[in-house]
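Have a look at the structure below before the remarks.
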Amino acid sequence: VQDQENNLYLISTKGKVLWKKQLEGQIQGKIHQVDIYKNRRLQLAFTTNNEFLILDRNGKEVQPFTKKFEGGNLNPLAVFDYENKKDYRFVVTQGDKVFMYNNKGAIVRGFKYTRAESAIRQAPKHLVIGNKDYLVFTLENKDLKILNRVGNVRTKVNTKIDFSQNEVYLYKNKFVVTDKKGVLHQIAANGKMSTTNLRLNEDHGIDATSKTFVYMNDNVLSIKGKKVELDFGVYSQPKIFYIYDKIYVGVSDIQNQKVYLYDSQAVPIKNFPLFGSSLIDMADMEGDRKLEIVTQDQKNSIIVYQMN
Numbered sequence: 315v316q317d318q319e320n321n322l323y324l325i326s327t328k329g330k331v332l333w334k335k336q337l338e339g340q341i342q343g344k345i346h347q348v349d350i351y352k353n354r355r356l357q358l359a360f361t362t363n364n365e366f367l368i369l370d371r372n373g374k375e376v377q378p379f380t381k382k383f384e385g386g387n388l389n390p391l392a393v394f395d396y397e398n399k400k401d402y403r404f405v406v407t408q409g410d411k412v413f414m415y416n417n418k419g420a421i422v423r424g425f426k427y428t429r430a431e432s433a434i435r436q437a438p439k440h441l442v443i444g445n446k447d448y449l450v451f452t453l454e455n456k457d458l459k460i461l462n463r464v465g466n467v468r469t470k471v472n473t474k475i476d477f478s479q480n481e482v483y484l485y486k487n488k489f490v491v492t493d494k495k496g497v498l499h500q501i502a503a504n505g506k507m508s509t510t511n512l513r514l515n516e517d518h519g520i521d522a523t524s525k526t527f528v529y530m531n532d533n534v535l536s537i538k539g540k541k542v543e544l545d546f547g548v549y550s551q552p553k554i555f556y557i558y559d560k561i562y563v564g565v566s567d568i569q570n571q572k573v574y575l576y577d578s579q580a581v582p583i584k585n586f587p588l589f590g591s592s593l594i595d596m597a598d599m600e601g602d603r604k605l606e607i608v609t610q611d612q613k614n615s616i617i618v619y620q621m622n
């Protein structure tokens, strides 16, 4: 958890603050749990506005990963693990520049895409179709770049896309992304594109897994084409959780401080909505197959719910 003074806290499942660390700026995007020494002692990797950091489980900086970037304006960190062997690639993007680091904090010399044609909009993503890797970048000039591991073009996309705020996802073995007019663009691995006008507002939110596509538009949540009309409010992005072979979809009404949770068939989970004023996270925090949901409680506190 990070506060408004940029202090980062690690809090146990029992609510105890294990450590507190002052950072120079706000964390960009998500924090990644990594195991760079492959000994099951996990570290936390992330970027702030002008730094790339990895912290150990005691909150100490892991060297040589503390790297400062003059001019700031970093995107969220991307972490790729191609073979699931913990041979990580840490990708920092700043403007049109791409920095790819290995587990030792050194630049990966074999990666060629070190400068994009335009500013990079968000953290790049590593997606897999069959046995092929695809590194996906969205650019401010409306280009969608789909590369291979060494940074060469793997799939050429000729159409310009006026990207919405949403990321690119992999859905039914196609790359999917929406534009500001609410049109869904689906790109096959060979570059062939199809479009569907979902008629979404510019500030809509989407999420997708290999077989599930969801969106939030005004107060309407759509899960696999099944629509749920919620009370009017100001809603977060929808978020899909895949835990113990079951799909959950969460969304929060920030204005009215309600947290909603549905299954893959758009059926509400029992006892929801709950009180909460932020986007939720959901996991089995204690390894007992009982799921916990974390959300912001009041302005200066968080709350953990356990599902029965």
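Start counting at 1 in the sequence shown, then tack on 314, and there's your number in the working numbering.
We put the CB at the ideal spot given by N, CA and C, even for glycine.
Nonlocal neighbours in the same chain, by C-beta distance under 6 Å from K540, ignoring five residues either side: Your numbering for residue 540 matches position 226 in the sequence shown. Contacts found: A580.
Beta-carbon contacts of T510 that lie in its chain and below 6 Å, excluding the five residues immediately before and after: To locate residue 510, count along the sequence shown from 1; it is residue 196. L498, listed in sequence order.
Check whether V573 and P552 have beta carbons under 7 Å apart: Indexing the sequence shown from 1 puts residue 573 at position 259. Indexing the sequence shown from 1 puts residue 552 at position 238. Result no, Cβ atoms of V573 and P552 do not sit closer than 7 Å.
Option in T407, M599, H346 and A433 with minimal Cα separation from D395: Counting from one through the sequence shown, the residue named residue 395 turns up at place 81. Checked all of T407, M599, H346 and A433; the closest Cα to D395 is H346.
Residue environment, N480, which counts as buried when at least 16 other CB atoms sit within 10 Å: For the purposes of this step, residue 480 is taken as residue 166 along the sequence shown, with counting starting at 1. When all chains shown are included, N480 counts as buried.
Proximity below 7 Å, CB of T327 to CB of M621: Stepping through the sequence shown from its first residue, residue 327 is reached at position 13. Stepping through the sequence shown from its first residue, residue 621 is reached at position 307. Result no, Cβ atoms of T327 and M621 do not sit closer than 7 Å.
Beta-bridge partners of T361, as assigned by DSSP: Taking the sequence shown and counting its residues from 1, one reaches residue 361 at position 47. Q342 and F366, per the DSSP bridge assignment.
Cβ distance (whole Å) where K344 is taken to contact P390 below 8 Å: The residue you call residue 344 lines up with position 30 of the sequence shown. The residue you call residue 390 lines up with position 76 of the sequence shown. Contact flag correct, Cβ pair sits at about 7 Å.
Beta-bridge partners of L631, as assigned by DSSP: The shown model of the chain, from 315 to 622, leaves out residue 631, and the question about it has no answer.
Nearest neighbour of N461, chosen from I475, Y485 and F489 [CA to CA]: As a working mapping, residue 461 is identified with position 147 in the sequence shown. The displayed chain sequence assigns Leu, not Asn, to residue 461. The candidate whose alpha carbon is nearest that of L461 is F489.
Residue interval of the beta strand (DSSP E) (run including M596): Position 282 of the sequence shown, counted from the start, is the residue given in the question as residue 596. Taken as a continuous stretch (DSSP letters only), the beta strand (DSSP E) holding M596 covers D595 to A597.
Extent of the continuous beta strand (DSSP E) to which F477 belongs: Numbered from 1 along the sequence shown, position 163 holds the residue referred to as residue 477. That residue, F477, is in no beta strand (DSSP E); it is neither H nor E in DSSP.
Cβ distance (whole Å) where I554 is taken to contact D521 below 8 Å: Against the sequence shown, residue 554 aligns to sequence position 240. Against the sequence shown, residue 521 aligns to sequence position 207. Sure, about 5 Å apart at Cβ, within 8 Å.
D493 burial status per 10 Å Cβ neighbour count (16 or more: buried): Stepping through the sequence shown from its first residue, residue 493 is reached at position 179. Buried is the call here.
Opposing strand residues paired with A392 [DSSP bridges]: Here residue 392 corresponds to residue number 78 of the sequence shown, with the count starting at 1. Partner(s): V405.
Coil, strand or helix - A522 by DSSP: On the sequence shown, residue 522 is found 208 positions in, with the first residue counted as 1. Of the three classes helix, strand and coil, the one that applies to A522 here is strand, per DSSP.
Contact check, Y448 vs R463, beta carbons under 7 Å: Position 134 of the sequence shown, counted from the first residue, corresponds to residue 448. Position 149 of the sequence shown, counted from the first residue, corresponds to residue 463. The answer is no: Cβ separation not under 7 Å.
Spatially closest choice to L458 from K474, N487, Y529 and G444, by CA coordinates: Mapped onto the sequence shown, residue 458 falls at position 144. When only C-alpha atoms are compared, the closest one is K474.
Residue nearest to G385 in terms of C-alpha spacing, selected from T362, T523, I501 and G590: For the purposes of this step, residue 385 is taken as the residue at position 71 of the sequence shown. Here the closest residue by C-alpha is T362.
Rounded C-alpha distance that separates S592 from Y549: If you number the sequence shown from 1, residue 592 lands on position 278. If you number the sequence shown from 1, residue 549 lands on position 235. Spanning the two alpha carbons is a distance of roughly 9 Å.
Chain-order list of residues whose beta-carbon lies under 7 Å from that of K426 (same chain, five-residue window excluded): Position 112 of the sequence shown, counting from 1, holds the residue named residue 426. Around K426: V464, G465 and N466.
Beta-carbon gap between I443 and A503 smaller than 7 Å: For the purposes of this step, residue 443 is identified with residue 129 of the sequence shown, where counting begins at 1. For the purposes of this step, residue 503 is identified with residue 189 of the sequence shown, where counting begins at 1. Taking 7 Å as the Cβ cut-off, I443 and A503 qualify as a contacting pair.
T407 classed as buried or exposed, judged by whether at least 16 other C-beta atoms fall within 10 angstroms: Numbered from 1 along the sequence shown, position 93 holds the residue referred to as residue 407. By the 10 Å Cβ count, T407 comes out buried.
N-terminal and C-terminal residue of the beta strand (DSSP E) that R468 is part of: Sequence index remark: in the sequence shown, residue 468 carries index 154 (1-based). Where R468 is concerned, the enclosing beta strand (DSSP E) stretches over V467 to T469.
Limits of the beta strand (DSSP E) - the one that K540 falls within: To locate residue 540, count along the sequence shown from 1; it is residue 226. Unbroken beta strand (DSSP E) run through K540: K540 to E543.
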